[in-house]
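Below is one structure, written out as structure tokens; the observations come after it.
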Amino acid sequence: MPVLTHPLPDVSDADALEILATHWKLAGSVHPLPGERERNFHVYTDSGLEFVLKVASPLEDTAMIEFQVPGLEHLARTARAAPLALARASRRA
Numbered sequence: 042m043p044v045l046t047h048p049l050p051d052v053s054d055a056d057a058l059e060i061l062a063t064h065w066k067l068a069g070s071v072h073p074l075p076g077e078r079e080r081n082f083h084v085y086t087d088s089g090l091e092f093v094l095k096v097a098s099p100l101e102d103t104a105m106i107e108f109q110v111p112g113l114e115h116l117a118r119t120a121r122a123a124p125l126a127l128a129r130a131s132r133r134a
């Protein structure tokens, strides 16, 4: 099934909070956001930070996911004035 026509990953708000705690040691609240290829959440941490958590579909090509982070890192270095999302590496569980 093509990645753009399959259902988004089945990830609840509770699942998102567990992912944040396990992989980033963060606590807070999440609010679902729209997504074309992944399940997205606007994260508000207890410490006042905000993030977007993106949960990719298991049908997504790993190369596509691995391409996104270096692309964002490159833009952060070369287009500093642009309003960009910055990737934050997870901690090993």
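Residues in the sequence shown are numbered consecutively from 42, following this note's numbering. Idealized CB from N, CA, C, for every residue including glycine. Since the model is a prediction, treat every value here as computed from it, not as a measurement.
Could you check where the alpha helix (DSSP H) with residue i kicks off and where it finishes?
i	result
residue 57	54–65
How would you label residue i, buried or exposed, when you count the other beta carbons within 10 angstroms and need 16 or more for buried?
i	result
residue 57	buried
residue 71	buried
Got a sec? Which residues, its chain only, sit under 6 Å from residue i by beta carbon, not counting five neighbours each side?
i	result
residue 94	57, 82 and 84
residue 92	84
In the DSSP assignment, find the unbroken beta strand (DSSP E) run with residue i in it and report its ends.
i	result
residue 121	Neither: residue 121 is in no beta strand (DSSP E) and is coded neither H nor E.
residue 86	79–86
residue 72	69–74
In chain order, what residues of the same chain have a beta carbon less than 8 Å from the beta carbon of residue i, not counting five sequence neighbours either side?
i	result
residue 68	58, 61, 62, 86 and 87
Report, in whole angstroms, the separation of the C-beta atoms of residue i and residue j, which I expect to be a contact under 8 Å.
i	j	result
residue 128	residue 113	5 Å
Skipping 5 residues on each side, what residues in its chain have a beta carbon closer than 7 Å to that of residue i?
i	result
residue 117	125 and 127
Does the stretch 74–81 come close enough to the stretch 96–116 to have 3 or more Cβ pairs within less than 8 Å?
-> yes
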